[in-house]
Amino acid sequence: MKSAALYVHIPFCLKKCSYCDFFSVENFGRIDDLYLECLKNEAAFYAEKYKIDFWSTIYIGGGTPSLLSASQIEKLAVYLKNTCLCKNIPPLEFTIEMNPESVSKEKLDSAWKNGITRLSLGIQSLNKNALKSVERHCSAEKAFAALETVKSCWKGELNLDAIAGLPCQSEEDFLLSLEKIISYNPGHISLYTLTVEEKTPLARNISSGKISFDFDEADSQWLSGRDLLLKNGFFQYEVSNFCQNGKKSVHNSSYWAQKDYVGIGCSACGTFYGNKSFRWIDTENILEYENFWSKQFPLESEIPRSIEEFSLETREFEFLMMGLRTFEGLNSAQYRKNFCSVEPWNGDLEKRLEPVKKFGIKTTENSDSSKNFSLTEDSILFLNKILLEL
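Just so we're aligned, residue 0 is where the sequence shown starts under numbering that gives the first Met the number 0, counting upward by one.
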């Protein structure tokens with residue numbers, strides 16, 4: 000049976016954070032049901048076209064998916080589960096992102112009752128000055144209230160997001176915030192370093208001197224945060240992701256392992272791998288998106304998206320890039336199987352990694368005589384530099 004991961008984009012926010020460069024539309028208090036109908040139609044189209052028997056995982060991201068009402072969460076969950084060919088096979092993991100200011104017991108109950116098994120809550124920080132510095136719509140008080148609601152109501156798996164290096168917080172402030180996040184006992188924490196993307200309000204604020212930002216301080220905070228997570232029983236399995244008791248993100252792991260995934264919704268991306276690998280990105284124009292996917296008989300040639308095929312050499316580099324993000328690393332047998340025709344390495348992974356061994360590469364022998372190559376806890380900090388030398 001054929002499966003694929005499904006990513007669903009809800010591109011609406013009450014207010015964008017100043018650091019965000021993802022596509023979203025601000026000032027949306029309520030999401031129209033038409034957009035949900037279009038998501039259903041697009042998912043069904045790809046399931047039929049690529050003969051997808053079931054969705055291995057589903058991830059509803061944004062934007063702010065928690066702007067959906069409880070009844071809309073129910074409607075969307077039912078829609079998505081019924082779009083694949085075998086409707087009786089549930090996904091291995093079904094995640095929805097929520098923001099603290101729009102969490103409610105009704106929405107959490109609706110999600111759980113309709114098969115959503117994992118909640119990803121975008122806390123980012125519990126420090127009021129840090130939140131204000133990046134124009135988060137959520138206050139520290141609302142974040143604490145959301146955590147209490149989740150603690151009392153949510154029955155599934157839980158991920159909490161945190162960001163190191165936010166302006167207007169010291170390392171002590173950051174670690175205190177992270178300790179409070181850990182105290183809510185999530186099975187998974189995503190710990191990021193603040194990235195200053197070009198053309199964002201944050202970048203402009205830093206450039207103008209309105210806000211000060213120290214890259215070295217951000218890295219130092221992240222390292223201290225990693226140490227705190229490890230001391231509290233978390234296992235780092237990817238550059239920015241930590242879990243307890245094996246509770247890895249199954250959906251995100253499919254990206255790192257180069258498994259096929261479908262992306263639906265405005266600006267969503269999908270990728271299929273094979274002899275001819277290809278990737279598409281949906282239009283960012285919501286009106287154009289809804290006009291097309293609300294049609295009764297949409298023509299594939301008219302889908303409002305960009306699509307590109309990419310070479311085996313590009314796929315090979317992406318395999319290295321994604322695999323080295325994880326502590327499981329790269330498997331030599333898989334590399335030989337998929338990339339034996341890529342010269343000059345011809346499937347020899349050890350030879351391919353020779354230029355970056357100086358940074359520190361860990362080798363693990365497997366029972367099938369293959370080897371896994373991964374970065375160490377120290378060398379993974381230099382991932383971007385390592386990729387430049389491959």
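No residue lacks a Cβ here, since even glycine has one placed at the ideal position from N, Cα and C. If you're wondering where the values come from, they're calculated on a predicted model, not measured in any experiment.
- Its chain contains 20 as the residues whose beta carbon lies nearer than 8 Å to that of residue 198, once the 5 sequence neighbours on both sides are disregarded; these appear in chain order.
- Assignment of beta strand (DSSP E) within the segment 134-173, counting only whole runs of 3 or more residues, yields 156-163 in chain order.
- Pairing residue 321 with residue 279 gives a Cβ-Cβ distance that is not under 8 Å.
- Apart from sequence neighbours up to five positions away, the residues of its chain that approach residue 196 with a beta-carbon distance below 6 Å are 20, ordered along the chain.
- Taken in chain order, the whole beta strand (DSSP E) runs of length 3 or more contained in the segment 179-263 are 187-192, 234-237, 240-242, 260-263.
- By the 16-neighbour rule on beta-carbons within 10 angstroms, residue 345 is exposed.
- Secondary structure in the segment 21-51: the alpha helix (DSSP H) runs of 4 residues or longer, each lying completely within the stretch, are 32-48 in chain order.
- Under the three-state reduction of DSSP output, residue 374 falls in the strand class.
- In the displayed model, residue 361 falls within a strand according to three-state DSSP.
- Residue 321 has no beta-bridge partner at all, per DSSP.
- Here residue 146 has 183 as same chain residues with Cβ atoms under 6 Å from its own Cβ, once five neighbours each way along the sequence are excluded.
- Shown here, residue 388 sits in coil according to DSSP, grouped into three states, outside any helix or strand.
- Take the alpha-carbon of residue 13 and the one of residue 25: they are about 5 Å apart.
- Rounded to whole angstroms, the gap between the alpha carbons of residue 365 and residue 329 is 12 Å.
- Residue 116 carries a coil assignment under DSSP once its states are collapsed to helix, strand and coil.
- Taking a C-beta distance under 8 Å as the contact criterion, residue 385 and residue 355 qualify as a contact pair.
- Secondary structure of residue 123 (DSSP, three-state): strand.
- A distance of 8 Å or more separates the beta carbons of residue 110 and residue 55.
- Residue 50 is positioned such that its CB atom lies no closer than 8 Å to that of residue 91.
- Check the Cα spacing between residue 232 and each of 379, 152, 187: the tightest is with 187.
- Within the same chain, Cβ atoms closer than 6 Å to the Cβ of residue 309 are found at 276, the five residues on either side in sequence being excluded.
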